[in-house]
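First the structure, in the form of structure tokens, and then the observations on it.
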Amino acid sequence: MAAKRRIIPFFIPHAGCEHECVFCDQRLLSGAPEPVSAEDVRVTLREYEENDRGYKDSAVLSDSGEVDCQPPEIAFYGGSFTAIPVAAQNELLEAASFYLRREPRSKIRISTRPDCIDAKILERLFGYGVATVELGAQSMCDDVLTLSKRGHSADDVVRAARLVKEAGMSLILQMMTGLPGDTPEKSLYTARRFVDIGPDGVRIYPTVVVRGTRLHEMWKNGDYREHTIEEAVSLCADICRIFEYAEIPVIRLGLNPSQELTSGGAVAGAYHPSLGELVRSRMYFDKAALLLEAVRPGSDITLTVAKGSISKMTGNRRCNTDELKRRFSLRSLKVTEEDIKHGELIVSINGNAKKEPKL
89 MAAKRRIIPF FIPHAGCEHE CVFCDQRLLS GAPEPVSAED VRVTLREYEE NDRGYKDSAV
149 LSDSGEVDCQ PPEIAFYGGS FTAIPVAAQN ELLEAASFYL RREPRSKIRI STRPDCIDAK
209 ILERLFGYGV ATVELGAQSM CDDVLTLSKR GHSADDVVRA ARLVKEAGMS LILQMMTGLP
269 GDTPEKSLYT ARRFVDIGPD GVRIYPTVVV RGTRLHEMWK NGDYREHTIE EAVSLCADIC
329 RIFEYAEIPV IRLGLNPSQE LTSGGAVAGA YHPSLGELVR SRMYFDKAAL LLEAVRPGSD
389 ITLTVAKGSI SKMTGNRRCN TDELKRRFSL RSLKVTEEDI KHGELIVSIN GNAKKEPKL
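The numbering of the sequence shown is the working numbering, which starts it at 89 and goes up by one.
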């Protein structure tokens, strides 16, 4: 079993971005009021090294029975890294590279825009130890991108993704649901286009109306209808099934919770501190409902999930299991856990087990 790599994040909110996307306030979303400096990076990494944080936390037993410690990954998030002045990029990367020279197994990841990548840029990033590039694609529908003031096209996403993969780097694609002009069908189309591109992972961010943004004004004026939590949960469950079938991991669902958003920064839309839990719980419910469609009333049912996933199956205050029991007139319904794949569901109907079908 491989250890989960720990991330040391540094934020460059709005730095380098010449566009003002309708939904965006990176300072509020990241909780970082000012962009990080090269000295900030050096100080943080020195402290990390001195305290040896992460190594003990991420230690697992390898297949040989030896302790396997994964070094951290250094990440530059927020803004558009490759759009800030090259000298500033290099200062930050050099500060991070100092740590990489001492711990060569560590890597760097950056987040940027699809229209701010070319082969020459990627060659320079690779030389500093950048191994992963995250592209803020948001949508593969040009009308949605235009209404959201993104300033790039779907073709830009395809081109940039191809260049990242050709450079031998890992590719992460970020998408949003509920943007101006978006529909569930368009979001599902975006997910399928992502599958065609073949990223190593995706992040899904349902749209949140953040105070002070252009989207906030559009919402107040009635020009934008908010993307509710319930809508986002249902849609993201469908989107996650697309990625699950394609074996593309969803590494993030929803914005990271922050004091700024929770205390009033998020005025409307799909902000919930446990959005990912809600989505995965909905996925389990949908899978169980599909498997129970032909069950006879009065049946005894056992649902078996991966270890640590019982709460996702039962749902908040047992809402999933209570609804399944009511809908299918079950006599009993139990949830157990076994050492099976995360997301997998086995249903035993009166003692006869069957697994979920491929959707």
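Glycine included, every Cβ here is placed at the ideal spot set by N, Cα and C.
Review point. Going by beta carbon distance, what residues of the same chain come within less than 7 Å of Ile437, once the five residues before and after it are set aside?
Key: Correct list, in chain order: Val383, Ser387 and Ile389.
**Study point:** Nearest neighbour of Ile260, chosen from Leu267, Thr200 and Glu332 [CA to CA]
**Key:** Nearest C-alpha to Ile260: Thr200.
Review point. Since Ser236 and Leu276 are thought to touch, with beta carbons under 8 Å apart, how far apart are those beta carbons, to the nearest angstrom?
Key: In this structure Ser236 does not touch Leu276 by the C-beta definition: roughly 18 Å separates them, more than the 8 Å allowed.
**Study point:** Through-space distance from Leu133 to Arg141, alpha-carbon basis
**Key:** Confidence in Arg141 is poor, its pLDDT being 49 and thus under 50, which makes the residue's placement unreliable; the coordinate value appears in the next sentence. About 10 Å.
Practice item. Return the bridge partner residues of Ser236 from the DSSP annotation. Key: In the DSSP secondary-structure assignment, Ser236 is not bridged to any residue.
Practice item. Throw me the rounded Cβ distance for the Val245 and Leu223 pair, which I believe falls under 8 Å. Key: Your pair Val245 and Leu223 checks out as a contact, with CB atoms roughly 6 Å apart and the cut at 8 Å.
Practice item. Compute the distance between the beta-carbons of Gly364 and Leu341, then report whether it is under 8 Å. Key: Yes, Cβ-Cβ distance for Gly364 and Leu341 is below 8 Å.
Point to revise | Length of the line joining the Cα atoms of Lys253 and Asn309 | key: Cα to Cα, the separation comes out at about 42 Å.
Check your understanding: CA-CA distance, Leu181 and Ile209?
Key -> Just so you know, the alpha carbons of Leu181 and Ile209 end up roughly 13 Å apart.
**Study point:** 6 Å Cβ shell around Ile317 - same chain, five flanking residues per side excluded
**Key:** So the list reads Ala358 and His360, once near-sequence residues are dropped.
**Study point:** For Gly431: DSSP bridge partner residues
**Key:** Answer is none; Gly431 lacks a bridge partner.
Exercise for review: Write down every uninterrupted run of the alpha helix (DSSP H) in the stretch 349–386 whose length is 4 residues or greater and which is fully enclosed by it, in chain order.
Suggested key: Given a length threshold of 4 residues, each whole run of the alpha helix (DSSP H) inside the stretch 349–386 is given here in chain order: 363–379.
Practice item. State whether the stretch 334–353 contacts the stretch 370–381, with contact taken as three or more CB pairs (one from each stretch) at a distance under 8 Å. Key: Of all C-beta pairs linking the stretch 334–353 to the stretch 370–381, fewer than three are shorter than 8 Å, placing the two stretches out of contact.
Exercise for review: Work out the CA separation of Cys112 and Tyr293 for me, nearest whole Å.
Suggested key: Straight-line Cα distance between these residues: approximately 12 Å.
Review point. Among Gly300, Ser369, Ser125 and Ser258, which one has its Cα closest to the Cα of Asp326?
Key: With distances taken between CA atoms, Asp326 lies nearest to Ser369 out of Gly300, Ser369, Ser125 and Ser258.
Check your understanding: Arg419 by DSSP, collapsed to three states: which one?
Key -> Residue state for Arg419 is assigned as coil, using DSSP reduced to three classes.
Point to revise | Straight-line Cα distance separating Arg250 from Glu211 | key: Between Glu211 and Arg250, the C-alpha separation is close to 14 Å.
Point to revise | Beta-bridge partners of Asn440, as assigned by DSSP | key: When beta bridges are read from the DSSP output, Asn440 appears opposite Ile437.
**Study point:** Residue span of the alpha helix (DSSP H) that contains Phe282, given as start and end
**Key:** Segment Pro272 to Ile285, the alpha helix (DSSP H) holding Phe282.
**Study point:** Euclidean distance between Cα positions of Leu366 and Arg190
**Key:** For the pair Leu366 and Arg190, the Cα-to-Cα distance works out to about 41 Å.
Check your understanding: Whose C-beta lies closer than 8 Å to the C-beta of Lys429 among residues of the same chain, with five residues either side of it excluded?
Key -> Excluding residues within five positions, the ones whose Cβ falls inside 8 Å are Ala394.
Review point. For Tyr312, which residues from the same chain have a beta carbon less than 7 Å from its beta carbon, with the 5 sequence-adjacent residues on both sides left out?
Key: Scanning its chain for C-beta atoms nearer than 7 Å, with the 5 sequence neighbours on each side dropped, one finds around Tyr312 the residues Pro268, Leu303 and Met306, in chain order.
Check your understanding: In chain order, what residues of the same chain have a beta carbon less than 6 Å from the beta carbon of Lys422, not counting five sequence neighbours either side?
Key -> Leaving aside the five residues that flank Lys422 on each side, the residues in its chain whose CB is nearer than 6 Å to its CB run, in chain order, Thr390.
Check your understanding: With 16 as the cutoff for other CB atoms within 10 Å, does Pro287 come out buried or exposed?
Key -> Classification of Pro287: buried, given that the 10 Å Cβ count is 16 or more.
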